[in-house]
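*Asks:* Supplied in structure tokens, the structure appears directly below.
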Amino acid sequence: MYSAIAANKRNTLLIMAVFVGLIGAIGWVVSQYYGNISVSYWVIGVAFVYAFIQYFLASKLAVAMSGAQEIQKKDNTRLYRIVENLAITTGIPTPKVYIIDDPAPNAFATGRDPKHAIVAATTGILDIMNDRELESVMAHELGHVRNYDIRVSMIAFGLVSAIGILSDIAMRMFFFGGDDRRDNNSNPIVLVIGIVLIILAPIIAAIVQLAVSRQREYLADATGAMTTRDPEGLASALEKLEQYGRPMRRQNSSMAHLFFSNPLKKGFFNNLFSTHPPLEARIARLRNNANKF
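With this note's numbering as the guide, the letters of the sequence shown map in order to residues 840 to 1132.
As structure tokens, then:
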């Protein structure tokens, strides 16, 4: 488990390096097009300021976008005690607990680290899960907290958003730059390469985020099963999601990777770019490795 946490911390640096490279490449293309290298420094600086702000505000933004409401033990004793007991078992501070009024069964965790963590569950998942299954789901979410997945997610979310915004701005500058651009020094090859790069950068960033997110889900499943020593409980919860799962009423693709299962409406492109591995694959992994937990 400690090796998994260390790997996630290394992945944080790797993700930042990839995204910094993409941001730097966008800045370089724009600076070459305008003949002013200082433009690239401004691009990188603005991107990092934006990502820094997102890092600290993303959890509050996720709560606001999902419509989650914080609860205390008296508001929902069942959920709060499950989270509290799991936190004591795993030796981390008890996260703030939220409930989302939504019939779609789901849950998520967010925050910067275990000291600033939030876990949330929908009314839908509280309705269909028995105590054994709900404990397994929340153990999975606390697995994200323990493994520092939440930190990786916040950094990836901020940098992917920054790359998307920068690419859009750069594209507009290329086509609507007017007299400010140096047409006399502009190399058409640079323009072509720049347009291709600016189009591909957000796609590459999203693919990196998807790859990291899918592996995070497998790791959190394993962490949750090790915490409860009950992989069948989590497999049963995932089977119920196969049967009763539905899209959430408040859908936002930018925070889909935070949830226990994909909260978006099913479709070809949503499945192709899903931040979650298929439920049947997660169930199979749990049962195939049951004796290892």
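Glycine included, every Cβ here is placed at the ideal spot set by N, Cα and C.
For K1156, which residues of its own chain have a beta-carbon under 8 Å away from its beta-carbon, when the five flanking residues on both sides are left out?
*Replies:* Residue 1156 is absent from the model: the chain starts at 840 and stops at 1132.
*Asks:* Which residues in the same chain have their Cβ closer than 7 Å to the Cβ of V882, if we skip the five residues on either side of it in sequence?
*Replies:* Residue numbering aside, residue 882 sits at position 43 when the sequence shown is read from its first letter. For V882, where only same-chain residues beyond five positions count, the Cβ hits under 7 Å are I862, I865, G866, V869 and L1005.
*Asks:* Considering only residues of the region 1072 to 1127, which uninterrupted alpha helix (DSSP H) runs meet the minimum length of 4 residues and lie entirely inside it, listed in chain order?
*Replies:* Entirely contained in the region 1072 to 1127, the alpha helix (DSSP H) runs reaching 4 residues are, in chain order, 1107 to 1111 and 1118 to 1127.
*Asks:* Thinking C-alpha only, which one of A948, G963 and D1060 is nearest A901?
*Replies:* Your numbering for residue 901 matches position 62 in the sequence shown. For the residues A948, G963 and D1060, the minimum Cα distance to A901 belongs to A948.
*Asks:* Just confirm the distance between the C-beta atoms of V1002 and F858, as a whole number of angstroms; I'd bet it's less than 8 Å.
*Replies:* Counted from its first residue, the sequence shown places residue 1002 at position 163. Counted from its first residue, the sequence shown places residue 858 at position 19. The question names Val, but residue 1002 is Ile in the sequence shown. 6 Å between Cβ atoms; contact.
*Asks:* Tell me the rounded alpha-carbon separation between I1209 and G860.
*Replies:* The requested residue 1209 is not part of the displayed model; the chain covers only 840 to 1132.
*Asks:* Measuring only the C-alpha atoms, how far is A1120 from G963?
*Replies:* Numbered from its first residue, the sequence shown carries residue 1120 at position 281. Numbered from its first residue, the sequence shown carries residue 963 at position 124. Rounded to the nearest angstrom, the two C-alpha atoms are 23 Å apart.
*Asks:* Helix or strand or just coil, what does DSSP make of V857?
*Replies:* What you label residue 857 is simply residue 18 of the sequence shown in a count that begins at 1. If DSSP states are grouped into helix, strand and coil, V857 belongs with the helices.
*Asks:* Measuring straight from C-alpha to C-alpha, what distance separates A903 and G874?
*Replies:* For the purposes of this step, residue 903 is taken as residue 64 along the sequence shown, with counting starting at 1. For the purposes of this step, residue 874 is taken as residue 35 along the sequence shown, with counting starting at 1. Rounded to the nearest angstrom, the two C-alpha atoms are 42 Å apart.
*Asks:* Going by CA-CA distance only, name the one from A1061, K1131, V1035 and Q1054 that's closest to H1096.
*Replies:* As a working mapping, residue 1096 is identified with position 257 in the sequence shown. Residue Q1054 is the option with its Cα nearest to H1096.
*Asks:* Would N986 be called buried (16 or more neighbouring beta carbons within 10 Å of its own) or exposed?
*Replies:* The residue you call residue 986 lines up with position 147 of the sequence shown. N986 should be labelled buried.
*Asks:* Once you ignore the five residues that flank M993 on each side, which residues in its own chain have a CB closer than 8 Å to its CB?
*Replies:* For the purposes of this step, residue 993 is taken as the residue at position 154 of the sequence shown. Q893, Y894, A897, S898, T949, G950 and R951, listed in sequence order.
*Asks:* Looking at M968: is its Cβ nearer than 8 Å to the Cβ of I921?
*Replies:* By one-based count along the sequence shown, residue 968 stands at place 129. By one-based count along the sequence shown, residue 921 stands at place 82. No; because the gap between Cβ atoms is not below 8 Å, this pair is not in contact.
*Asks:* Can you pull the DSSP bridge partners for G950?
*Replies:* Taking the first residue of the sequence shown as position 1, residue 950 is located at position 111. In the DSSP output, where bridge partners are listed per residue, G950 has A956.
*Asks:* By Cβ distance, which residues of its chain are closer than 7 Å to G906, with the 5 residues on each side in sequence left out?
*Replies:* Within the sequence shown, the letter at position 67 stands for residue 906. Excluding sequence neighbours, G906 sits near I939, D940 and R1089.
*Asks:* Report all residues from its chain with a CB closer than 6 Å to the CB of K1104; omit the five preceding and five following residues, and keep chain order.
*Replies:* Indexing the sequence shown from 1 puts residue 1104 at position 265. So the list reads P1086, once near-sequence residues are dropped.
*Asks:* Hey, out of E1071, A1129, L1118 and L1125, whose CA is closest to R971's CA?
*Replies:* Within the sequence shown, residue 971 is the residue found at index 132, counting from 1. The candidate whose alpha carbon is nearest that of R971 is E1071.
*Asks:* Assign T961 to one of three DSSP states: helix, strand, or coil.
*Replies:* Stepping through the sequence shown from its first residue, residue 961 is reached at position 122. T961: strand per DSSP, three-state reduction.
*Asks:* Quick one: is P1117 buried, meaning 16 or more other Cβ sit within 10 Å of its Cβ, or exposed?
*Replies:* Along the sequence shown, read from residue 1 onward, the residue named residue 1117 stands at position 278. Classification for P1117: exposed.
*Asks:* I1038 to R849, Cα distance in whole Å?
*Replies:* As a working mapping, residue 1038 is identified with position 199 in the sequence shown. As a working mapping, residue 849 is identified with position 10 in the sequence shown. If I take the Cα positions, the gap works out to 28 Å.
*Asks:* So K954 and P932 are supposed to be a Cβ contact under 8 Å. How far apart are they, rounded?
*Replies:* One-based indexing of the sequence shown puts residue 954 at position 115. One-based indexing of the sequence shown puts residue 932 at position 93. Rounded, the Cβ-Cβ distance is 6 Å, consistent with contact.
*Asks:* What is the rounded straight-line gap between the Cα of A1061 and the Cα of L1125?
*Replies:* Counting from one through the sequence shown, the residue named residue 1061 turns up at place 222. Counting from one through the sequence shown, the residue named residue 1125 turns up at place 286. When rounded, the distance between both Cα atoms is 7 Å.
*Asks:* Around the C-beta of S1100, are 16 or more other C-beta atoms found within 10 angstroms, so that it is buried, or is it exposed?
*Replies:* Numbered from its first residue, the sequence shown carries residue 1100 at position 261. With 16 or more Cβ atoms within 10 Å of its Cβ, S1100 is classed as buried.
*Asks:* What do you reckon, are the CB atoms on G1063 and P944 nearer than 8 Å?
*Replies:* Taking the first residue of the sequence shown as 1, we reach residue 1063 at position 224. Taking the first residue of the sequence shown as 1, we reach residue 944 at position 105. No, the Cβ-Cβ distance between G1063 and P944 is not below 8 Å.
*Asks:* Among the residues of its own chain, which have a CB less than 7 Å from the CB of A886, if the five just before and after it don't count?
*Replies:* As a first step, residue 886 is located in the sequence shown; it is residue number 47 there, counting from the start. Excluding residues within five positions, the ones whose Cβ falls inside 7 Å are I862, A1001 and L1005.
*Asks:* Which runs of the alpha helix (DSSP H) at least 4 residues long sit entirely within the region 867 to 933? Give them in chain order.
*Replies:* If we require 4 residues or more, the alpha helix (DSSP H) runs fully inside the region 867 to 933 come out as 877 to 905 and 916 to 929.
*Asks:* Whole angstroms are fine: how far does the CA of A856 sit from the CA of E980?
*Replies:* Locating residue 980 in the sequence shown gives position 141, where the first residue counts as 1. Locating residue 856 in the sequence shown gives position 17, where the first residue counts as 1. Straight-line Cα distance between these residues: approximately 27 Å.
*Asks:* Using a 10 Å radius around the Cβ and a threshold of 16 neighbouring Cβ atoms, would you call T916 buried or exposed?
*Replies:* Residue 916 sits at position 77 when you count from the first residue of the sequence shown. The residue is exposed, with fewer than 16 neighbouring Cβ atoms inside 10 Å.
*Asks:* Between A1074 and the rest of its own chain, which residues show a CB-CB distance below 7 Å, the 5 nearest in sequence each way excluded?
*Replies:* Taking the sequence shown and counting its residues from 1, one reaches residue 1074 at position 235. For A1074, where only same-chain residues beyond five positions count, the Cβ hits under 7 Å are I1122, L1125 and R1126.
*Asks:* Just verifying my parser: in three-state terms, what is the DSSP assignment at Y937?
*Replies:* Here residue 937 refers to the residue found at position 98 of the sequence shown. Three-state DSSP puts Y937 in a strand.
*Asks:* As a quick exercise: from A1009, E1078, A946 and Q1082, pick the residue whose alpha carbon is nearest that of S879.
*Replies:* Residue mapping note: residue 879 aligns to position 40 of the sequence shown, counting from 1. Per the Cα distances, A1009.
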